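Okay, so here's the structure we're looking at.
There are 2 protein chains.
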Amino acid sequence: MHTHEHQFDLEKKIAEFETRCRQKGLRITPQRVAVYKALVGTDTHPTAEEVHKMVRQDIHSISLDTVNRTLLTLAEIGAAFQVEGTGQPRRYDGGLENHQHFRCISCGQIVDFHYDPYENLHNPGQVLENCTILRKTVYLEGLCGECSDTPA
Amino acid sequence: MHTHEHQFDLEKKIAEFETRCRQKGLRITPQRVAVYKALVGTDTHPTAEEVHKMVRQDIHSISLDTVNRTLLTLAEIGAAFQVEGTGQPRRYDGGLENHQHFRCISCGQIVDFHYDPYENLHNPGQVLENCTILRKTVYLEGLCGECSDTPA
DNA sequence: TTACTAAATAGTATCTACTCCTATTTATGA
DNA sequence: TCATAAATAGGAGTAGATACTATTTAGTAA
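Dropping the structure here:
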């Protein structure tokens, strides 16, 4: 793909993003667009601080708090999402038998479950050729029973 | 299962744990055993602070730092593990196409990959009946190419 | 048993990721 | 252009985790 096409894609995505903001009643601020642009323009799964560094090159005075808030907003409107489980205090599991985790994004609780078809998945080939896979789980996120009943 | 059998299981697990410690050249301290016991005796995927609270009932003076160190040790020797992704600063992903994540437990980098058989997995029934599943991914952990070559 | 030594611990200080608060600025709709 | 609610900058506060140091202790060997 040529740079020219990349450029086009990016502009298209930004236009879509702005539309989505309007739909959700969110204002289109330079900071918001800059954060979105930085995030979509990378494949490194950056932390807020890393995004802050990138965006500062365009908007010198943007605060880390704004980047944090904006990233949360992006996740809320579905324009981005958080990498599985990150941002939570470390949680430990003493159960070594095969099982999978469901995490409630509202209250944070982790629920164990076992579902046979999720066991013994094949390793992907090619793409992760050089990687040593030590653990492989199906990870679900959503709302637990209690939090479904009483939406915040 | 009866309480009596539970008790038996626990003692058996502790015995195995002590054997494993000896194999790895780790000392068997009351603190270490108490942390292990607390973790194996619950299915709540506790944080270090939660474990600290539990263990304090037995060992009043145990420090939070010891609990933290011990939990890391348990994970290192394979007597427990950390719930997927937790304990990492929040990381964001602007790629909304279907894809999966591999995380290097050594350097922390997240690698995107796509592997067809991992898409369109069925939802588990029964166990998570009351939960609303919003996201479903296969999550791999291990060592990336660079970190495999130069083990710490 | 006793004495020795490296490992482990308690307690504290420090660091980092993140959120909260307040005054100021700004995007949007009238 | 004006009014106003939303968003922002900057800094204070908080929580989770790590680093440091002096002290204690488990395991070993006399």
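Note that the protein sequences, when read in sequence, are chains A and B.
So the first sequence is numbered by the working numbering: it starts at 3 and just counts up by one.
So the second sequence is numbered by the working numbering: it starts at 3 and just counts up by one.
Every residue gets a Cβ at the ideal spot worked out from N, C-alpha and C, and that includes glycine.
Note that the structure is predicted; figures quoted are calculated from it, not measured.
Subject >> Inter-stretch contact at 8 angstroms, needing at least 3 Cβ pairs: the region 139-149 of chain A / the region 135-145 of chain B >> reply: When C-beta atoms of the region 139-149 of chain A are compared with those of the region 135-145 of chain B, three or more pairs fall below 8 angstroms, so the two segments count as touching.
Original post:
Thinking just about the alpha-carbon of each residue, which of G89/B, Y141/B, G80/B, R24/B is nearest to the one in E121/B?
Top reply: When G89/B, Y141/B, G80/B, R24/B are compared, the shortest CA-CA separation from E121/B is found for Y141/B.
Original post:
What separation, rounded to the nearest whole angstrom, lies between the Cα atoms of A50/A and Q90/A?
Top reply: Across the structure, A50/A and Q90/A are spaced so that their CA atoms are roughly 14 angstroms apart.
Subject >> Minimum Cβ-Cβ distance from A154/B to chain A less than 7 angstroms >> reply: Because the pLDDT of A154/B is 45, which lies under 50, any placement of that residue in the model is unreliable, and the number read from its coordinates should be weighed accordingly. At a cut-off of 7 angstroms between beta carbons, A154/B makes no contact with chain A.
Subject >> Distance between P32/B and L76/B (C-alpha atoms, nearest Å) >> reply: A direct Cα-to-Cα measurement between L76/B and P32/B gives close to 14 angstroms.
**OP:** Given a cut-off of 7 angstroms, decide if T46/A and G87/B are closer than it, judged by their beta-carbon atoms.
**Re:** For the 7 angstroms CB-CB criterion, G87/B and T46/A do not form a contact.
**OP:** Determine the DSSP secondary structure at C106/B, reduced to helix, strand or coil.
**Re:** Reduced to three states, the DSSP call for C106/B is strand.
**OP:** Please classify T68/B: is it buried, with 16 or more other beta-carbons within 10 angstroms of its beta-carbon, or exposed?
**Re:** By the neighbour-count rule (16 or more Cβ atoms within 10 Å), T68/B is buried.
Original post:
Does any CB atom of chain A fall closer than 7 angstroms to the CB of K138/B?
Top reply: Yes, K138/B lies at the interface with chain A (some Cβ there is under 7 angstroms from its Cβ).
**OP:** Just tell me which of R34/A, D118/A, L74/A, D11/A has its CA closest to the CA of R58/A.
**Re:** Proximity to R58/A across R34/A, D118/A, L74/A, D11/A peaks at R34/A, based on C-alpha coordinates.
Original post:
If you draw a straight line from the C-alpha of P153/A to the C-alpha of Q84/B, how long is it?
Top reply: With a pLDDT of only 49 at P153/A, under 50, the local geometry of the prediction cannot be trusted, and no value is derived from it.
Original post:
If we call anything under 7 angstroms between Cβ atoms a contact, is H116/A one with H103/A?
Top reply: Cβ distance not < 7 angstroms, so H116/A and H103/A don't count as in contact.
**OP:** Using a Cβ cut-off of 7 angstroms, pull out every chain B residue sitting near G87/A, in sequence order please.
**Re:** Simply V85, E86, G87, T88.
Original post:
How would you label S118/B, buried or exposed, when you count the other beta carbons within 10 angstroms and need 16 or more for buried?
Top reply: Before going on, a small fix: residue 118/B reads as Asp here, not Ser. So D118/B counts as exposed.
Original post:
To the nearest whole angstrom, what separates the beta carbons of M56/B and A40/B, a pair I think is in contact under 8 angstroms?
Top reply: About 4 angstroms separates the beta carbon of M56/B from that of A40/B, a gap short enough to meet the 8 angstroms contact definition.
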